[in-house]
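Residue numbers (the working numbering): -11 to 200.
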């Protein structure tokens, strides 16, 4: 039984995970370079170098592939932001906000394929739009939690106000990034980070001052 589960020191579960990763890597490359319309089962498996039967081992539809890829990018983005907030040596409000925003934007711009999937292809179907909205809500909760901790807000009553501002900030940033990536906003990346930081700090400090 052990021999059937393990091959070359790699378990069957690890091999399945590796195949799933290869398929998601291939999906990122296809969508990011050729467009969503080029994403087919045969094309995906060919790019990943896998037999088509392995596709159905991990996914049951194209939407499932897109959702898996979307979630992977969102997880990378969240972990990068949280790691940056933990490691930054600038403890000022602006310093932390600037570091986190710059790190998040770099995740999407250092590999433009990720931005295309997360911000453009992510709006392609009702299912993906719904998932995108859920992701915005998740990031808004993360921003709210970080703000509450940083500013030391202890009043339990204004949760709805904090939630509103966090959602406003994250949702606005998503739309702004999409427009910027499509060339509709004439700013450099550094300018984009600076202006985004201004807005986050302004709304954050204003709300903290009201609640203290």
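Glycine included, each C-beta is placed from N, C-alpha and C at the ideal position.
### Message
Which residue marks the beginning of the alpha helix (DSSP H) containing residue 86, and which one marks its end?
### Response
Under the DSSP assignment, residue 86 falls in the alpha helix (DSSP H) whose first and last residues are 81 to 98.
### Task
Using three-state DSSP, classify residue 167 as helix, strand or coil.
Residue 167 sits in a helix when the DSSP states are folded into three classes.
### Cα-Cα separation, residue 183 to residue 74
In this model, residue 183 and residue 74 are separated by some 22 Å (Cα to Cα).
### Query
Buried or exposed: which applies to residue 37, given that a residue is buried once 16 or more other Cβ atoms fall within 10 Å of its Cβ?
Exposed.
### Message
According to DSSP, residue 30 sits in a beta bridge with which residue or residues?
### Response
DSSP output for residue 30 lists no bridge partner at all.
### Query
Can you tell me where the alpha helix (DSSP H) with residue 19 in it begins and where it stops?
For residue 19, the enclosing alpha helix (DSSP H) has its first and last residue at 0 to 22.
#### Entry: Limits of the unbroken alpha helix (DSSP H) element including residue 183
Counting along the chain, the alpha helix (DSSP H) containing residue 183 begins and ends at 177 to 199.
#### Entry: Whole-angstrom distance between residue 102 and residue 20, CA atom to CA atom
Roughly 7 Å between the two C-alpha positions.
### Query
Below 8 Å, can you find three or more Cβ-Cβ pairs linking the segment 89 to 96 to the segment 61 to 73?
Cβ pair count under 8 Å is three or more, so yes.
### Where residue 197 falls, given that 16 or more other Cβ within 10 Å makes a residue buried
Burial call: exposed.
### Task
Taking all protein chains shown into account, decide if residue 86 is buried (16 or more other Cβ within 10 angstroms of its Cβ) or exposed.
If you draw a 10 Å sphere on the C-beta of residue 86, you find 16 or more other C-beta atoms in it, and that means buried.
### Query
For residue 203 versus residue 30, is the C-beta spacing smaller than 8 Å?
Outside the displayed range of the chain (-11 to 200) lies residue 203, so it cannot be described from this structure.
### Query
Helix or strand or just coil, what does DSSP make of residue 38?
In this structure, residue 38 counts as coil in the three-state DSSP scheme.
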